[in-house]
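Everything below concerns the one structure shown next.
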Ligand code: DQA
């Protein structure tokens, strides 16, 4: 069975394409979902791609991934900088987590420099635009092969 990677996106990312294109680019979330789907096919991974503006819904998805998925790629968006609950849920999932940001958060406002997720993540991608999602899936694929999954 192909390992399943859950790709989660937090608030306002549904607006990609029209939202601050100078910062986030012109690609829509549907474009990024398609990119992840194509990448997963190439790498022989299963992928589930989701976005929500409701923190509780994101928590429920993380809880349900435990024991079912092989890894989580997450762009927590603004919740990166605010949510202990998301960090705790990710730890409880016992899954490897790769944090992704389209923009280089460290080159932006100081309040974006702190992430509650980075300290428990396997890796962090930021500033690669949508390529960050592809790179995260590629890393999971290499890691699963090394682990013989
Ligand atoms: C973001 C960066 C966050 O600071 C911001 O709140 C977002 C998007 C990014 O992908 O660059 O909504 O996670």
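Numbering (my numbering), first residue to last: 2 to 150.
Just so it is clear, CB atoms sit at the ideal spot from N, CA and C, and this is done for glycine as well.
Checklist entry - Quick one, are the C-beta atoms of residue 72 and residue 102 less than 9 Å apart? => result Your numbering for residue 72 matches position 71 in the chain shown. Your numbering for residue 102 matches position 101 in the chain shown. Taking a C-beta distance under 9 Å as the contact criterion, residue 72 and residue 102 do not qualify as a contact pair.
Checklist entry - How would the residue list near the ligand DQA read, in chain order, if you kept each one whose beta-carbon is closer than 6 Å to any heavy atom? => result That query returns the following residues: 13, 76, 78, 79, 81, 102, 103, 104, 106 and 113.
Item to check | Contact the segment 102 to 118 vs the segment 38 to 58: 3+ CB pairs below 8 Å | outcome: no
Checklist entry - Terminal residues of the continuous beta strand (DSSP E) containing residue 49? => result Here residue 49 is taken as the residue at index 48 of the chain shown, counted from 1. Residue 49 -> beta strand (DSSP E) spans 47 to 52.
Checklist entry - In three-state DSSP terms, what is residue 151? => result The requested residue 151 is not part of the displayed model; the chain covers only 2 to 150.
Item to check | Those residues which DSSP pairs with residue 127 across a bridge | outcome: Mapped onto the chain shown, residue 127 falls at position 126. Answer is 102.
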